[in-house]
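Colleague: Pasting in a structure now, in structure tokens, and then I'll have a few things to ask.
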Amino acid sequence: MVNDKDETPIYQSDTSKTIQQSLGLDQSNPYFVHPSDHPNHMLVPVKLNGTNYPSWSKSMIHALTAKNKIGFISGTIKPPLETEQPTEYAQWNQCNNMVLSWLTHSVESDLAK
Numbered sequence: 105m106v107n108d109k110d111e112t113p114i115y116q117s118d119t120s121k122t123i124q125q126s127l128g129l130d131q132s133n134p135y136f137v138h139p140s141d142h143p144n145h146m147l148v149p150v151k152l153n154g155t156n157y158p159s160w161s162k163s164m165i166h167a168l169t170a171k172n173k174i175g176f177i178s179g180t181i182k183p184p185l186e187t188e189q190p191t192e193y194a195q196w197n198q199c200n201n202m203v204l205s206w207l208t209h210s211v212e213s214d215l216a217k
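Per my numbering: the sequence shown = residues 105 to 217.
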């Protein structure tokens, strides 16, 4: 959708676009975190309860794939060495912790202990 005044996409503010560009991250980068993403975000509508694993897993895989974060679960996105690539490691760590939080919040509390 385009704004009539300056034909800038409405869904992306100038500030978020500038931040993303300064970090060199675009939405195809697995380290990209959308401004609407937060640790308490529920990616799937139903929490894992112990009996619904097949449907929960399928939904979670679809959600993480859509957010370009499935590699954090599959192991294809490896952590960079913190001593050699501190900036990349910080970005990886932020995304990894976000994914862990999403997973934790998508599991019933008695299973998440």
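Even for Gly, the Cβ is constructed at its ideal location relative to N, Cα and C. None of the values given here were measured: they were computed from a predicted structure.
Is the separation between the beta-carbon of I177 and that of L168 shorter than 8 Å?
Modeller: Reading the sequence shown from its first residue, position 73 is the one you call residue 177. Reading the sequence shown from its first residue, position 64 is the one you call residue 168. Their beta carbons are under 8 Å apart, which means I177 touches L168 by this criterion.
Colleague: Count the CB pairs spanning the segment 184 to 198 and the segment 144 to 164 that are closer than 8 Å, and state whether there are at least three.
Modeller: No: fewer than three Cβ pairs fall under 8 Å.
Colleague: I need the boundaries of the alpha helix (DSSP H) containing F176, first residue and last residue.
Modeller: On the sequence shown, residue 176 is found 72 positions in, with the first residue counted as 1. Per DSSP, F176 belongs to the alpha helix (DSSP H) from 174 to 178.
Colleague: Tell me which same chain residues have a C-beta within less than 8 Å of the C-beta of A216, skipping the five on either side of it?
Modeller: Here residue 216 refers to the residue found at position 112 when the sequence shown is read from its first residue. For A216, where only same-chain residues beyond five positions count, the Cβ hits under 8 Å are T208.
Colleague: If you follow the alpha helix (DSSP H) that V203 is in, where does it begin and where does it stop?
Modeller: Walking along the sequence shown from the start, residue 203 turns up at place 99. Where V203 is concerned, the enclosing alpha helix (DSSP H) stretches over 190 to 208.
Colleague: Tell me which residue opens and which closes the alpha helix (DSSP H) that P158 is part of.
Modeller: Counting from one through the sequence shown, the residue named residue 158 turns up at place 54. Its alpha helix (DSSP H) spans residues 157 to 170.
Colleague: Short of 6 Å in beta carbon distance, which residues of its chain neighbour P183, apart from the five on each side in sequence? Order them along the chain.
Modeller: Residue numbering aside, residue 183 sits at position 79 when the sequence shown is read from its first letter. Only W196 meet the Cβ criterion.
Colleague: Leaving out five residues on either side along the sequence, give the residues of the same chain with a beta carbon under 8 Å from the beta carbon of S126.
Modeller: Numbered from 1 along the sequence shown, position 22 holds the residue referred to as residue 126. For S126, the predicted model reports a pLDDT of 47, less than 50, meaning its position is unreliable and no value from the coordinates is stated.
Colleague: Per DSSP, L152 is paired with what?
Modeller: In the sequence shown, residue 152 corresponds to position 48, counting from 1. L152 is bridged to V211.
Colleague: In angstroms with no decimal places, state the Cα-to-Cα distance between L147 and S163.
Modeller: For the purposes of this step, residue 147 is taken as residue 43 along the sequence shown, with counting starting at 1. For the purposes of this step, residue 163 is taken as residue 59 along the sequence shown, with counting starting at 1. Whole-angstrom Cα-Cα distance: 8 Å.
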